[in-house]
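Counted the way mature numbering (1 follows the signal peptide of the UniProt record, and there is no 0) counts, the sequence shown spans residues -41 to -1, 1 to 262. Data first, discussion second: the structure below is written as structure tokens.
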Amino acid sequence: MRSRVPQPGKGARGRARRAIGVVIAALAVAGGLAGAGAATAQENPYERGPDPTEDSIEAVRGPFSVAEQNVSSLTPGFGGGTIYYPTDTSEGTFGAVAVAPGYTASESSMSWYGPRIASQGFVVFTIDTNTRYDQPGSRGDQLLAALDYLVEDAPLAVRSRIDPDRLGVMGHSMGGGGALEASADRPSLQAAIPLTPWNLDKTWSEIRVPTFIIGAENDSIASVRTHAEPFYESLPATLDKAYLELNGATHFAPNTSNTTIAKYSISWLKRFIDNDTRYEQFLCPAPSGFAIEEYRETCPYTG
């Protein structure tokens, strides 16, 4: 049997080389993780606020303090309104959303959306229309005029907080029909949320804006069968879209504070205006629960 004669220092050098190798590998992994974190931050530059939870998006107020700015009814293009905006600018600019009321209704019917959504990290403009009787086409034009006002003519304290490339629209009833009209007219919008929408036009295959339609099971004014459902089904199959039907709700459900509407509207706006994929967990897979009669979606989302 041949015996192996150890060479002085060889074992120590080998162990040293192996130790150095382990350190280098660890540094490489750490660097890779750090790089991945930086890449993630760069891929989602519009994330605002802490990581979301069910409790945080159901809360009446989010993490941002909110201020208000009134806009005169004499402002050209729409009937004035109220702007709600986060007071903290340390995280950068925010996306903006214009919100229109329904037929014969005033801005006050939509006022609860202002502080609730703004406190989650958006500039929100709840508007009055030129007249209480404006039809969806006119309301769509006024939503777009309100967005233009925000990014071009609003007081600097508001205007400086807004990213003009991250805009969306919401509306109730004829205002919801107006949100569809605005989306068809301005495909650069990032999100639309028609609430129990009403419109004589039932087909919206031209829309390219991620659209979340909320209907109400017991709506006798804009029934889901003749409005919300055909609107949703007419949207392109390839579009990022969703349909939520509120269990037992009426046409006027969007006019009072509603946690289900707020929770999923905030998630939709975050996902598509802010490109914040942290909120997709609340939209995909399709949510369910007592408050939801039906939910349709095109998960996973690509926008």
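Every residue gets a Cβ at the ideal spot worked out from N, C-alpha and C, and that includes glycine. As the structure is a computational prediction, the values presented were derived from the model and not from experiment.
(request) Quickly, what does DSSP pair Ile121 with across the bridge? List them, please. (result) DSSP output for Ile121 lists Phe53 as bridge partner(s).
(request) Leaving aside the five residues before and after Ile225 along the sequence, list all residues of the same chain whose C-beta is less than 7 Å from its C-beta, in chain order. (result) Once the five neighbours on either side are set aside, the close Cβ partners of Ile225 are Ile16, Ile76 and Gln79.
(message) Using 8 Å for Cβ pairs, my map puts Ala151 next to Leu139. What's the rounded Cβ distance?
(response) The Cβ separation is near 7 Å, so the contact holds.
(message) Can you tell me which residues form a DSSP beta bridge with Tyr72?
(response) Answer by DSSP bridge pairing: none, since Tyr72 is not bridged.
(request) From the DSSP output, read off the bridge partner residues of Thr170. (result) Paired residues: Ala151 and Lys200.
(message) If you reduce the DSSP assignment to three classes, tell me which class Gln79 lands in.
(response) In the three-state scheme derived from DSSP, where H, G and I count as helix and E and B as strand, Gln79 is classed as coil.
(message) Looking only at its chain, what residues have a beta carbon closer than 6 Å to the beta carbon of Ala141, apart from the 5 residues adjacent to it on each side?
(response) Cβ within range, chain order: Gly99, Leu102, Leu103 and Val128.
(request) Would you mind working out which of Gln94, Glu66, Glu6 and Ala26 sits nearest Val117, comparing C-alpha positions? (result) The candidate whose alpha carbon is nearest that of Val117 is Ala26.
(request) Could you tell me how far apart the beta carbons of Val83 and Arg120 are, in whole angstroms, since I believe they sit closer than 8 Å? (result) The Cβ separation is near 11 Å, so there is no contact.
(request) Would you kindly report the start and end of the unbroken alpha helix (DSSP H) that includes Pro95? (result) Residues Pro95 to Glu111.
(message) If I measure Cβ to Cβ from Ala(-3) and keep anything under 8 Å in the same chain, skipping five residues before and after, which residues do I get?
(response) Since pLDDT at Ala(-3) reaches only 37, below the 50 mark, its modelled position is unreliable, and the value read off the structure follows with that caveat. So no residue of the chain qualifies.
(message) Between Gly96, Arg125 and Glu111, which has its C-alpha nearest Ser132's C-alpha?
(response) Comparing Cα-Cα distances from Ser132 to each of Gly96, Arg125 and Glu111, the minimum goes to Gly96.
(message) If you reduce the DSSP assignment to three classes, tell me which class Gly137 lands in.
(response) In the structure shown, Gly137 adopts helical secondary structure according to DSSP, grouped into three states.
(request) Measure the alpha-carbon distance for Gly(-5) versus Thr236 and round it to whole angstroms. (result) Per-residue confidence for Gly(-5) stands at a pLDDT of 37, beneath the threshold of 50, marking its modelled position as unreliable; the derived number appears in the next sentence. The alpha-carbon atoms of Gly(-5) and Thr236 are separated by roughly 15 Å.
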